[in-house]
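A.B. asks:
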Amino acid sequence: MSSSEWHIENRSISPNESPSFKGLENLEITSETGSLAIVVLGASGDLAKKKTFPALYHLYRQGFLPADEVHIFGYARTKISDDELRSRLHGYLVQDKDASPEQLDVLSKFLHLIKYVSGSYDSEEGFRVLDKEISEHESSKNSSEGSSRRLFYFALPPSVYPSVSKMIKTCCVNKSDLHGWTRIVVEKPFGKDLESAEQLSTQIGKLFDEPQIYRIDHYLGKELVQNMLVLRFANRMFLPLWNRDNIANVQIVFREDFGTDGRGGYFDQYGIIRDIIQNHLLQVFCLLAMEKPVSLKPEHIRDEKVKVLESVVPIKDDEVVLGQYEGYRDDPTVPDNSNTPTFASVILRVHNERWEGVPFILKAGKALGSRKADVRVQFKDVPGDIFKCQKQGRNEFVIRLQPHEAMYMKLTVKQPGLEMSTVQSELDLSYRQRYQGAPIPEAYERLILDTIRGDQQHFVRRDELKASWKIFTPLLHRIDKGEFKSVSYKPGSRGPAQADELLEKAGYVQTHGYIWIPPTL
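Heads up, the sequence shown is in the numbering used here, so the first residue is 493 and it goes up one at a time.
1) Could you tell me the distance, in whole angstroms, from the CA atom of residue 627 to the CA atom of residue 754?
2) Please classify residue 838 as buried or exposed, where buried requires at least 16 other C-beta atoms within 10 Å of its C-beta.
3) Kindly give me the distance between the Cβ atoms of residue 550 and residue 897, rounded to whole angstroms, as I take these residues to be in contact under 8 Å.
4) Please return the same chain residues whose Cβ sits closer than 6 Å to the Cβ of residue 834, not counting the five positions on each side in sequence.
5) What's the gap between the Cα of residue 1001 and the Cα of residue 607?
6) Does DSSP put residue 955 in a helix, a strand or coil?
7) What does residue 852 pair with, by DSSP beta-bridge criteria?
8) What are the boundary residues of the beta strand (DSSP E) that residue 761 is part of?
9) With DSSP collapsed to three states, give me the class of residue 961.
10) Does residue 751 come out as helix, strand or coil in the three-state DSSP assignment?
11) Can you have a look at residue 775 and say buried or exposed, based on whether 16 or more other CB atoms are within 10 angstroms of its CB?
12) What residue range does the alpha helix (DSSP H) around residue 643 cover?
13) Just to confirm before moving on: does the CB-CB distance between residue 595 and residue 790 stay below 8 Å?
14) What is the residue span of the beta strand (DSSP E) that residue 818 lies within?
15) According to DSSP, which residues form a beta bridge with residue 866?
16) Have a look at the DSSP bridge pairing and note the partners of residue 674.
17) Shortest alpha-carbon distance to residue 940 belongs to which of 536, 910, 556 and 971?
18) DSSP on residue 679, reduced to helix/strand/coil?
19) Kindly list the residues whose CB is nearer than 6 Å to the CB of residue 712, restricted to its own chain and excluding five residues on each side of it in sequence; keep chain order.
20) Nearest to residue 880 by CA position, among 573, 905 and 958, is which residue?
21) How would you label residue 760, buried or exposed, when you count the other beta carbons within 10 angstroms and need 16 or more for buried?
22) When the Cβ atoms of the segment 683 to 702 are set against those of the segment 719 to 735, are three or more pairs found closer than 8 Å?
23) Restricting to Cα atoms, I'd like to know which of 530, 704 and 947 is closest to residue 609.
24) Taking buried to mean at least 16 other C-beta atoms within 10 Å of its own C-beta, is residue 520 buried or exposed?
25) Am I right that residue 646 and residue 677 are in contact with their C-beta atoms under 8 Å? What's the rounded C-beta distance?
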């Protein structure tokens, strides 16, 4: 989980945002028998209040968490009562002034499914109490021993993962195996480099088997990210185009228009590469660059992601630009001599038959001039350009991940009129226009439901995690040692000028005079 998500993508979440119902209706509710206990560890923290519990509430409203099977437990060090936790959550789930009596009734029933247990993260006492509460719930649901399901969601800083995992294994797992299970969901950042990630994987791996561990990256739950495999492998038009013969370069971009906003101390421990690029953007890269899997089974998909990660060659120094926005070190929680990058542009190159010679530019930054995340696949120039229109720009396939989810293809067309002149336009699939009245489910809703259903397709496997850290660890160690410096850039700008120079060097051709405008309803 990035520092952005630890503080809920650095944006406030309106308690009366539309609950995300539609889009999940075709998913099957699990037919597993036995009660389901969902434990939110770190229940009093921001992530739990603003993401985890709202996701559970929306799933409950849609019928994916039946009241006769499910009970939800909050666990944290804060000493509060059940009612105090419910009161704290209330405003994040529904805003009373906008809620109907029916909504308030559903909310009340959901909140009464929640019970709170206070305890330490590194001693058995609190977890013994938690296990007792879970067991009482299971007895009340007439679950036979070993048939119950227990899901533990770590809405916690990674530093306590080993101790919490040990306490769960010691005190809270299913006592026998009769079609029941125990699963844990861990948030990123999962380590700070290859060594620490492997150490953490080993510590947790000694306690839980890989099928029990769900390493969550919420980008894999985003609608447009989940659409990528469908786009690539269900549409004949892309199959012959998706290679080095036709594609000039690929950009995967994440921009935020604000800085660390007083949370620089946390961010400074990680920086933009660990925070965004090594996980979120690299997951998008995998889906864009991987080969077609044998099937949609989770292991087949994750096998192909590992293969493409292992095909990435070492990053070159002259294909990296690091930046730090002016004023970052004014934050009293940030060291005066900090070299931590708040901006990075990194070129990845894949050594295989499909992608040899095609640069993948992964770029992320804070305090920039806009907020967006998108993928930009730029195609090569048309050979023998009889219209003399190359200066207008190349064809591009753009996937806008956020905001204003959309996919559009930039094309050169004839400008209306009597003259034979050309102009750039687009074929546009904007979700808000095409799918009116169909709210896009939140990423956390999808992923929590996947964990209950036992579908690991959208979660990171251990060897995949290892391969991703292998790519970036040498560069990160040099940054940490001060051997690779961040250049300064002005807040509200595009980032360091050197990043645009790197983009040009990579072969990207800027389109001049064309701006995509989200269509109005």
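Note that CB positions come from ideal geometry on N, CA and C, so glycine has one too.
C.D. replies: On the basis of the supplied data:
1) Taking the first residue of the sequence shown as 1, we reach residue 627 at position 135. Taking the first residue of the sequence shown as 1, we reach residue 754 at position 262. Approximately 42 Å between the Cα atoms of the pair.
2) The sequence position of residue 838 within the sequence shown is 346, counting from 1. Burial call: buried.
3) Sequence index remark: in the sequence shown, residue 550 carries index 58 (1-based). Sequence index remark: in the sequence shown, residue 897 carries index 405 (1-based). Actually they do not touch by this definition, with Cβ atoms about 18 Å apart.
4) Residue numbering aside, residue 834 sits at position 342 when the sequence shown is read from its first letter. Hits under 6 Å: 764, 816, 817, 820 and 858.
5) Position 509 of the sequence shown, counted from the first residue, corresponds to residue 1001. Position 115 of the sequence shown, counted from the first residue, corresponds to residue 607. Computed Cα separation, rounded: 56 Å.
6) Sequence index remark: in the sequence shown, residue 955 carries index 463 (1-based). Three-state DSSP puts residue 955 in a helix.
7) Locating residue 852 in the sequence shown gives position 360, where the first residue counts as 1. Bridge partners of residue 852: 742 and 840.
8) Walking along the sequence shown from the start, residue 761 turns up at place 269. Taken as a continuous stretch (DSSP letters only), residue 761 belongs to no beta strand (DSSP E), as it is neither H nor E.
9) Here residue 961 corresponds to residue number 469 of the sequence shown, with the count starting at 1. Of the three classes helix, strand and coil, the one that applies to residue 961 here is helix, per DSSP.
10) Counting from 1 along the sequence shown, the entry for residue 751 is found at position 259. Looking at residue 751 - three-state DSSP - the assignment turns out to be coil, as it is neither helix nor strand.
11) Here residue 775 corresponds to residue number 283 of the sequence shown, with the count starting at 1. With 16 or more Cβ atoms within 10 Å of its Cβ, residue 775 is classed as buried.
12) In the sequence shown, counting from the first residue as 1, residue 643 sits at position 151. Here residue 643 belongs to no alpha helix (DSSP H); instead the beta strand (DSSP E) covers 641 to 646.
13) On the sequence shown, residue 595 is found 103 positions in, with the first residue counted as 1. On the sequence shown, residue 790 is found 298 positions in, with the first residue counted as 1. It is not a contact, given that the beta carbons lie outside the stated cut-off.
14) One-based indexing of the sequence shown puts residue 818 at position 326. Counting along the chain, residue 818 falls outside any beta strand (DSSP E), and DSSP gives it neither H nor E.
15) Against the sequence shown, residue 866 aligns to sequence position 374. In the DSSP output, where bridge partners are listed per residue, residue 866 has 745 and 892.
16) In the sequence shown, residue 674 corresponds to position 182, counting from 1. Paired residue(s): 642.
17) For this step, residue 940 is matched to residue 448 along the sequence shown. Looking at the Cα atoms, 556 is the closest of the given residues.
18) As a first step, residue 679 is located in the sequence shown; it is residue number 187 there, counting from the start. In the structure shown, residue 679 sits in a strand (DSSP, three-state: E or B).
19) Walking along the sequence shown from the start, residue 712 turns up at place 220. Closer than 6 Å at the Cβ level, and outside the excluded window around residue 712, lie 775 and 950.
20) Mapped onto the sequence shown, residue 880 falls at position 388. Closest option to residue 880, Cα to Cα, is 905.
21) Taking the first residue of the sequence shown as 1, we reach residue 760 at position 268. By the neighbour-count rule (16 or more Cβ atoms within 10 Å), residue 760 is buried.
22) no
23) Along the sequence shown, read from residue 1 onward, the residue named residue 609 stands at position 117. Among 530, 704 and 947, the Cα nearest to that of residue 609 is on 530.
24) Translated into the one-based positions of the sequence shown, residue 520 becomes position 28. Unreliable placement is indicated for residue 520, whose pLDDT of 40 sits below 50; the coordinate value is still reported in the next sentence. Exposed, since its Cβ has fewer than 16 Cβ neighbours within 10 Å.
25) To locate residue 646, count along the sequence shown from 1; it is residue 154. To locate residue 677, count along the sequence shown from 1; it is residue 185. Going by Cβ atoms, the distance from residue 646 to residue 677 rounds to 6 Å, so yes, they are a contact pair.
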